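Trainee:
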Amino acid sequence: MKRLSLVSLSLLLLIAVFAVSVWAAAPPTMNSRIIDGQRATYAIAGAANTPAATPTDVVTLYGSATKTIAVRKVIVSGMATTAGSMDVVLTKRTAANTAGTSTAPSIAKFSSNDGTATATPALYTANPSALGTGIALAEKKLNFGVAGAAGVVEFDFTNATGKPVYLIGATQGLAINLNGGTVPTGGTFGYTVIWEEF
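Following this note's numbering from start to finish, the sequence shown increments by one per residue and tops out at 214.
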């Protein structure tokens, strides 16, 4: 009887070890999201920004040499005195932009316990003279409505695939690009970018 109990206990232990090793190799999506929610989380946001006349990259977020950046959500809104529309192309870059006029938006922490962010954001008021190498990840048409009817587009990487956009290293970036289109008269845009660092 004692030998049978030892065999049963050994078998249960073996199954438990196997289950843990499988989970470690490929953790379930639900558990991954729980872990992700505990990571340091940051955001940048701005409203009523005036883009260049034919804007390319208007907002960028570049990665870090010390941490992996996981972009979870990007929201872009537009308003104009004369309604119109523009393409919003979310582009992943593997090299930095050149020149242009930009400022660094303030980074908000989702928790006061989160450390200082290591990603580098930029808001452009004049186009970069050359864009870093990149490829489009997603595109949506943004309606620039008149006051009281602003259009909004959202790129949500928490729902579609459950996988965020990863920026690995300081030369990888994510850009909100307006595809060089003509800005509707009196057009301004707002933005929000949410990411995690680990």
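Beta carbons: idealized from backbone N, C-alpha and C, even for Gly. As the structure is a prediction and not an experimental result, all values here were calculated from the model.
Taking only runs of the alpha helix (DSSP H) that begin and end inside the region 45-100, which ones reach a length of at least 4 residues, in chain order?
Mentor: Counting whole runs of 4 or more residues, the region 45-100 contains the alpha helix (DSSP H) stretches 45-52.
Trainee: What are the boundary residues of the beta strand (DSSP E) that residue 143 is part of?
Mentor: No beta strand (DSSP E) contains residue 143, which DSSP labels as neither H nor E.
Trainee: Hey, how far is the Cα of residue 72 from the Cα of residue 207?
Mentor: Between residue 72 and residue 207, the C-alpha separation is close to 15 Å.
Trainee: So for residue 159, helix, strand or coil by DSSP?
Mentor: Three-state result, residue 159: strand.
Trainee: Where DSSP assigns a beta bridge to residue 206, which residues make up the other side?
Mentor: DSSP, once it has assigned bridges, lists 93 as partnering residue 206.
Trainee: Anyone know if the C-beta pair for residue 167 and residue 94 falls short of 8 Å?
Mentor: Cβ atoms of residue 167 and residue 94: closer than 8 Å.
Trainee: According to DSSP, simplified to helix, strand and coil, what is residue 199?
Mentor: Note: residue 199 maps to coil in three-state DSSP.
Trainee: Flag this pair as yes or no: are the beta carbons of residue 213 and residue 83 separated by less than 8 Å?
Mentor: Yes. Within cutoff.
Trainee: In the DSSP assignment, find the beta strand (DSSP E) that holds residue 167 and state where it starts and stops.
Mentor: First-last of the beta strand (DSSP E) with residue 167: 167-172.
Trainee: Would residue 209 and residue 59 be called neighbours here (beta carbons separated by less than 8 Å)?
Mentor: The answer is yes: Cβ separation under 8 Å.
Trainee: At what residues does the beta strand (DSSP E) containing residue 117 begin and finish?
Mentor: Unbroken beta strand (DSSP E) run through residue 117: 117-119.
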